[in-house]
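Residue numbers (the numbering used here): 167 to 233.
No residue lacks a Cβ here, since even glycine has one placed at the ideal position from N, Cα and C.
Quick caveat: nothing in here was measured; it's all calculated off a predicted structure.
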């Protein structure tokens, strides 16, 4: 056993936030793919994908503004 090993590993707050954002991005993408696959027409499928891209762009803009 190492004497210098921390009792538990803790991630920096910025890394936790980045992981949460990445998870949310994946959720948005998964939802868009599922909705597009089940859409009745190709145009509805494209709308699902476009909505997801707009959601992602809005999140990224907010992230950039927040710093």
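Measure the alpha-carbon distance for residue i versus residue j and round it to whole angstroms.
i: residue 203; j: residue 196; result: 11 Å
i: residue 216; j: residue 186; result: 22 Å
i: residue 201; j: residue 224; result: 20 Å
i: residue 177; j: residue 184; result: 11 Å
i: residue 229; j: residue 188; result: 12 Å
i: residue 118; j: residue 208; result: Only positions 167 to 233 of the chain appear in the structure, and residue 118 is not among them; the question remains open.
i: residue 226; j: residue 181; result: 16 Å
i: residue 220; j: residue 231; result: 16 Å
Within 10 Å of its beta-carbon, does residue i have 16 or more other beta-carbons around it, so buried, or fewer, so exposed?
i: residue 218; result: buried
What residues in its chain sit with their C-beta under 7 Å from that of residue i, if we drop five residues either side in the sequence?
i: residue 222; result: 191, 194
i: residue 205; result: 211, 214
Less than 6 Å between C-beta atoms, sequence neighbours within five positions excluded: which residues of the same chain meet that for residue i?
i: residue 179; result: none
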